[in-house]
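Remarks on the structure that follows.
2 protein chains.
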Amino acid sequence: MICFSVYAAGLAFNRLYQSLLNGFDLTYPQFLVLVALQQGGAMNVGALGEALFLESNTLTPLLKRMEASGLVSRQRDKMDERVVQIALTKPGAKLANTIGCVPPQVLNATHMSLREVVALTANLNSLADNLRQHTNGLRDANIS
Amino acid sequence: MICFSVYAAGLAFNRLYQSLLNGFDLTYPQFLVLVALQQGGAMNVGALGEALFLESNTLTPLLKRMEASGLVSRQRDKMDERVVQIALTKPGAKLANTIGCVPPQVLNATHMSLREVVALTANLNSLADNLRQHTNGLRDANIS
DNA sequence: TGCGATTAAATCGTGCACGATGTAATATGT
DNA sequence: ACATATTACATCGTGCACGATTTAATCGCA
Chain A
1 MICFSVYAAG
11 LAFNRLYQSL
21 LNGFDLTYPQ
31 FLVLVALQQG
41 GAMNVGALGE
51 ALFLESNTLT
61 PLLKRMEASG
71 LVSRQRDKMD
81 ERVVQIALTK
91 PGAKLANTIG
101 CVPPQVLNAT
111 HMSLREVVAL
121 TANLNSLADN
131 LRQHTNGLRD
141 ANIS
Chain B
145 MICFSVYAAG
155 LAFNRLYQSL
165 LNGFDLTYPQ
175 FLVLVALQQG
185 GAMNVGALGE
195 ALFLESNTLT
205 PLLKRMEASG
215 LVSRQRDKMD
225 ERVVQIALTK
235 PGAKLANTIG
245 CVPPQVLNAT
255 HMSLREVVAL
265 TANLNSLADN
275 LRQHTNGLRD
285 ANIS
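The structure is reproduced here in structure tokens:
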């Protein structure tokens, strides 16, 4: 049951990250947003969703919470009022740097070599790509 | 970022399963419960939690929903009134057989050979084991 | 026997994740 | 130009997932 192994590994990562992040008042998905913005720079909600494989119905409330805690700013785009630009605030950027220490701790917890982790990551990425293609195929078939 | 790859693969599996299961009025975690009970037979909430890496705060409401839809029974143990035994009902057992067709479809969607899937599953299981040990170590350190 | 400690579920509050839908702004075609 | 379609984001309802706490039953042990 590959699906269950992925599910259980996801639960395990989530719990470990919550433990490591609870001093920063950050959830694991919020941590991912912070990292995505640090690596990709400011971007709109849609682009953030493409990076994290999430949609606005998940991101909008999450980003509002992060805005409320002062980590990101949300600004309507002047050129296209439909678009909302998300950017790290100064405290957000600072926190993004501070939590750089967390992923190495997680890597250590895996008890795996860097080589093994890289290989496993690549396999998971291609697996997820295939699953997404299949899911999208099903969706498109239902529409037409 | 191994954690993100696991996270994204989990999202992808969840979406694919929701698509495949939505004709059965089942969520993905409910599907996992059904399979666990089919494979392990009737068991109490704690044992189910060990099998699925979940606790009563997640399982109790989920099992109540499955009881409401007639798939499982919940019975206080006569010998120890604290424990609640969970068993498949006849419709639940029937549905568990019916959805046996779903995992092969998922395997097909992975576009991976059985050998690759088995190897990836083993790697994920040992990874999750290591993460759980580390998380439990952190928890115990905080208690003492 | 009886009382404090432990255990198994349940409850509560918060935050994702997602399908379905709504709203407002922009793009497109005639 | 203007109605229609499309797009970007937001809203709503449901169901996990989890930390913290509660309740009730059982255990341990003097």
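As you go down the protein sequences, you meet chains A and B in turn. All residue numbers for the first sequence refer to the working numbering, where the first residue is 1 and numbers rise by one. All residue numbers for the second sequence refer to the working numbering, where the first residue is 145 and numbers rise by one. Glycine included, every Cβ here is placed at the ideal spot set by N, Cα and C.
Q. Rounded C-beta distance between A/GLY49 and B/VAL150? I'm assuming under 8 Å.
A. No, A/GLY49 and B/VAL150 are not in contact; Cβ-Cβ is about 19 Å, not under 8 Å.
If you check the beta carbons only, do A/GLN30 and A/LEU62 fall under 8 Å apart? yes
Give me, in chain order, the residues of the same chain whose beta-carbon lies closer than 8 Å to that of A/GLY92; leave out the 5 immediate sequence neighbours on both sides.
LEU34, LEU37, MET66, GLY70, LEU71 and VAL72
Any C-beta of chain B sitting closer than 8 Å to the C-beta of A/ARG15? yes
To the nearest angstrom, how far is the alpha carbon of A/ARG15 from that of B/MET256? 29 Å
What would DSSP say about B/ASN201, mapped onto helix, strand or coil?
helix
Tell me the DSSP secondary structure of A/MET1 in three-state form.
coil
**Study point:** Three CB pairs or more closer than 8 Å across the region 17-26 of chain A and the region 77-85 of chain A
**Key:** no
- [ ] Tell me whether A/ALA96 is buried or exposed, calling it buried when 16 or more other Cβ atoms sit within 10 Å of its Cβ.
- [x] buried
> Would you call the CB atoms of A/ASN125 and A/ILE86 closer than 8 Å?
Replying inline: no
Exercise for review: Could you name the residues of chain B that A/MET112 contacts, counting a contact when the two beta carbons are closer than 9 Å?
Suggested key: ILE146, ASN267, SER270, LEU271 and ASN274
Within the region 226-286 of chain B, note down every full alpha helix (DSSP H) run reaching 4 residues or more, in order along the chain.
234-242 and 246-254
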